[in-house]
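Asks:
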């Protein structure tokens, strides 16, 4: 017996869509119906993602500062059971390793390697080893300084987490970053699970090495599969959010993949691209109901 094809919708959100662009988008995706969904959103029913969309329409949407998402028709936030996030430049606005390298006077050098790795130009494990080696000899107290002085949550995180918990989803951080930061965020934000790389510290200083197996793209995808199985979920019940090429394998294991302020390769591989609004737009895209009002 064949599985029926699920119809998909294309949602555009963030600003008024020029008529010419709406017409071109509908033609490129074969949309069957256009429905305005205020405020500042449009739903194109029965849309198909095509090469014409990726090559011609997506750049125009970016010029107009519009976020977009291809979502199965009728899908709601409450239909999902798990949402997983990359940490650096996704859940938070910084790359922690770049900020640590700043204390060694080598931020520009390390940032360049980070950017190349996020674009998929350098193997992640190789890039991690090169970057962590720069930290050798740093006082381990710089970890606390980066967390306290430089780490900021991405826009919309708090609101999105309220929505997903109200809808009953589990939450996880799957990161190629470092446990010092993922564990503190797990505790402070109330995530159910977190995994990342562990920096080696000896005599109060970073050694320039990580301990144990490297959490790279393959490991992140494996952790997502494990969590999915542990919670008894299907692929379609998982949302994965990331920004770099090393998130693509993890995102491929999810029913809805979201590229957040992401590199071009990541946007091309994702179901949704949020480059202008906050992470709370995920709740908007999935028609999450208003949060309950707190009573005094």
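Residue numbers (the numbering used here): 17 to 312. C-beta atoms are modelled at their ideal positions from N, C-alpha and C, and glycine is treated no differently.
Rounded to a whole number of angstroms, what is the C-alpha to C-alpha distance between residue 213 and residue 33?
Replies: If I take the Cα positions, the gap works out to 42 Å.
Asks: From the DSSP output, read off the bridge partner residues of residue 187.
Replies: Paired residues: 99.
Asks: CB-CB under 7 Å to residue 281, same chain, minus the five flanking residues each way: which ones, in chain order?
Replies: Excluding sequence neighbours, residue 281 sits near 135, 136, 261.
Asks: Is residue 256 closer than 8 Å to residue 273 when the C-beta atoms are compared?
Replies: Cβ distance < 8 Å, so residue 273 and residue 256 count as in contact.
Asks: Return the chain-ordered list of same chain residues with a C-beta closer than 6 Å to the C-beta of residue 304, the five sequence neighbours on each side being excluded.
Replies: Cβ neighbours of residue 304 beyond the five flanking positions: 93, 179.
Asks: Please indicate yes or no: does the CB of residue 53 lie closer than 7 Å to some heavy atom of the ligand NAP?
Replies: By its list of ligands, the structure shown contains no ligand whatsoever, and the ligand NAP lies outside what it can speak to.
Asks: I need the DSSP call for residue 158, collapsed to helix, strand or coil.
Replies: Residue state, collapsed to three classes: helix.
Asks: Under 6 Å Cβ to Cβ from residue 139, same chain only, skipping five residues before and after it: list those, please.
Replies: Correct list: empty, nothing qualifies.
Asks: So, for residue 186: in the same chain, excluding its five sequence neighbours on each side, which residues have a beta-carbon less than 8 Å away from its beta-carbon?
Replies: Excluding sequence neighbours, residue 186 sits near 97, 98, 99, 208, 209, 243, 247.
Asks: Roughly how far, in whole angstroms, is the beta-carbon of residue 240 from the beta-carbon of residue 269, given that I think they are within contact range, below 8 Å?
Replies: Correct: roughly 5 Å between the Cβ atoms.
Asks: From residue 30 to residue 114, what does the alpha carbon distance come to, in whole angstroms?
Replies: Rounded to the nearest angstrom, the two C-alpha atoms are 31 Å apart.
Asks: Leaving out the 5 sequence neighbours to the left and right, which residues in its chain are closer than 8 Å to residue 61 when beta-carbon positions are compared?
Replies: Cβ neighbours of residue 61 beyond the five flanking positions: 23, 25, 47, 48, 49, 50, 51, 89.
Asks: For residue 295 and residue 176, what's the separation of their Cα atoms in angstroms?
Replies: Near 6 Å, if we compare the C-alpha coordinates of residue 176 and residue 295.
Asks: Using DSSP with H/G/I as helix, E/B as strand and the rest coil, what is residue 89?
Replies: Coil, per DSSP.
Asks: Would you identify the three-state DSSP class for residue 249, choosing helix, strand or coil?
Replies: Looking at residue 249 - three-state DSSP - the assignment turns out to be coil, as it is neither helix nor strand.
Asks: If we count the other Cβ atoms within 10 Å of its Cβ and call it buried at 16 or more, is residue 81 buried or exposed?
Replies: Exposed: under 16 other Cβ atoms inside 10 Å.
Asks: In angstroms, rounded to a whole number, what distance separates the CA positions of residue 35 and residue 57?
Replies: The alpha-carbon atoms of residue 35 and residue 57 are separated by roughly 13 Å.
Asks: List, from N- to C-terminal side, the beta strand (DSSP E) runs of 3 residues or more that fit wholly inside the segment 225-284.
Replies: Counting whole runs of 3 or more residues, the segment 225-284 contains the beta strand (DSSP E) stretches 254-258, 272-276.
Asks: Output needed for residue 200: all residues of its chain with C-beta closer than 8 Å, excluding positions within five of it in sequence on either side, in chain order.
Replies: So the list reads 163, once near-sequence residues are dropped.
Asks: Tell whether a beta-carbon distance below 8 Å holds between residue 85 and residue 288.
Replies: Result yes, Cβ atoms of residue 85 and residue 288 sit closer than 8 Å.
Asks: Going straight from the alpha carbon of residue 312 to that of residue 231, what length do you get?
Replies: Reliability of the predicted coordinates at residue 312 is poor, the pLDDT of 41 falling under 50, and no value is obtained from them.
Asks: Leaving aside the five residues before and after residue 293 along the sequence, list all residues of the same chain whose C-beta is less than 6 Å from its C-beta, in chain order.
Replies: Contacts found: 30, 83.
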